[in-house]
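Accompanying notes for the structure given below.
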Amino acid sequence: MAKKIWMEWPLPPEMVSQIRELAEIVDDGDMDKLHGSTVISGIRRYYDGEFMDRVGPNLVQIAKPGIGVDNIDLDAATSRGILVCNTPDAPSESTAEHAVALLMAVAKRVMVGDMHLRGDSDIERGEMLGTELLGSSLGIVGFGRIGRRVAEMCALGIRMNVTISDPILPDDIQLPEGVSRTDDLDSIFAENRFVTLHTPLLPETHHLANERRLRLMKRGSYLINASRGGVVDESALIKALEDGHLAGAGLDVFDPEPPMPDNPLLAMKNVVLTPHIASYTEAGMTAMQAGTVENIAKVLKGERPTWIANPKAWPGRMEKISA
């Protein structure tokens, strides 16, 4: 069968050349050209079973740049024999750096100082009083690629006292110098001045940072989230910021995205917000594009890609792609 790759995001010419001989490429997201695709690749759209059926029976792969696949119905893809491939290695460094940047910006009151210099006369000098990070405590929820890099930067570089929590880590995992571990998730919130979240959005992590855990945090603490918006109960976070229980927050993700224009977070001076751009760097984008192209090329050649989010869908792929 003639193969077609449908993409809602364009690739650089040098990367297109790597897969042009394998299939026709539609890289403008034209929905009229979607049907009959062998591979689809997108970022923001939600891919459920209805969307997959709309593509048609030729679909064998959904290639997602980046780490998160929470916008794809994995059960629906698996039941249809469709591989879901991501690029978890690609954006890790950029995302970790961004999380640390949010942490430092909120601790040092960078945005408040910026607003003051730009003419916000309502800001008093006391509102610009920052927090020194040396020796301060940081709790990290999730110790995958991103969580580990955040731990290394903050423990080895800034010399914070870092504690991590991740239920799937093996007992003998090697931790960076200055990093300790706890299996008590509640203690991460209760015992650290700063808490940063680096966990995927799963049913068991939805609203992991709920009202109870946010209230466990000491008064004057800070929350950082560069994972997924749904990991935090946003209403509970807003309440904790409004009543002064939390001193501030740094957020790159929201629920929903983008935040509604009347979201109270947008008017808060003690919150640093970015529009889900943690991985959006030159290096991060290049790595995600390259990883996506590699995944697509391997599948179209009948080879097993390195990263499959739903490995149960792999059996039979070579037969389908060669049909």
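Counting in the numbering used here, the sequence shown runs from 1158 upward without gaps.
No residue lacks a Cβ here, since even glycine has one placed at the ideal position from N, Cα and C.
These numbers come from a predicted model, not from an experiment.
When DSSP reads this structure, G1335 sits in no beta bridge, so it has no partner.
With three or more CB-CB distances shorter than 8 Å, the segment 1433-1449 counts as touching the segment 1250-1264. V1212 sits in a helix when the DSSP states are folded into three classes. A1406 and V1263 do touch by the CB rule: their CB atoms are close to 7 Å apart, below 8 Å. At a cut-off of 4 residues, the continuous stretches assigned as alpha helix (DSSP H) that sit fully inside the segment 1222-1253 are 1231-1236.
Between E1414 and H1402, the C-beta gap is not smaller than 8 Å, which leaves the two residues out of contact. Excluding five sequence positions before and after D1343, the CB atoms of its chain that fall closer than 7 Å to its own CB belong to R1370, L1373, given in chain order. The C-beta distance from I1381 to L1259 rounds to 5 Å, short enough to meet the 8 Å contact threshold.
Inclusion of S1194 and L1216 in the CB contact set at 8 Å is warranted, their separation being smaller than that value.
With respect to the 8 Å criterion, G1225 and R1385 are classified as neighbours on the basis of their beta carbons. Secondary structure note for L1373: its alpha helix (DSSP H) is the uninterrupted segment 1368-1373.
When C-alpha distances from L1398 are compared across N1420, P1416, N1427, K1375, the shortest belongs to N1427. Ranked by Cα distance from L1168, the options T1443, L1394, A1470 are led by T1443. Taking a cut-off of 8 Å on C-beta distances, the segment 1276-1290 does not touch the segment 1326-1340, as fewer than three cross pairs fall below it.
Ranked by Cα distance from R1376, the options N1349, K1455, R1201, V1429 are led by N1349.
For I1176, there is no enclosing beta strand (DSSP E); the enclosing alpha helix (DSSP H) has its first and last residue at 1170-1176. Under the DSSP assignment, I1197 falls in the beta strand (DSSP E) whose first and last residues are 1196-1198. Judged by DSSP secondary structure, K1161 falls outside any alpha helix (DSSP H) and instead within the beta strand (DSSP E) spanning 1161-1164. For Y1379, the beta-bridge partners assigned by DSSP are F1351, G1405. When beta bridges are read from the DSSP output, G1296 appears opposite T1320, V1352. Secondary-structure assignment with DSSP links Y1204 through a beta bridge to I1229. Below 8 Å, too few C-beta pairs join the segment 1285-1300 and the segment 1454-1465 to call them touching: fewer than three. Separation of M1425 and W1166 (C-alpha to C-alpha, rounded to the nearest whole angstrom) is 33 Å. Under the criterion of beta carbons closer than 8 Å, V1298 and V1352 qualify as touching, at roughly 7 Å.
Of the residues assessed, S1378 falls on the buried side of the cut-off, its CB having 16 or more other CB atoms within 10 angstroms. Distance from the CA atom of M1417 to the CA atom of I1229, rounded to whole angstroms, is 23 Å.
Q1446 places its beta carbon 8 Å or farther from that of M1164. Cβ contact annotation for D1184 (same chain, cutoff 7 Å, sequence separation greater than five): M1164, P1167, L1168, in chain order. If you check the CB distance, G1314 and L1358 do not come in under 8 Å. In the DSSP annotation of this structure, the continuous segment of the alpha helix (DSSP H) that includes A1454 starts and ends at 1439-1457. Look at L1359 here: in three-state DSSP terms it is coil, with no helix or strand label.
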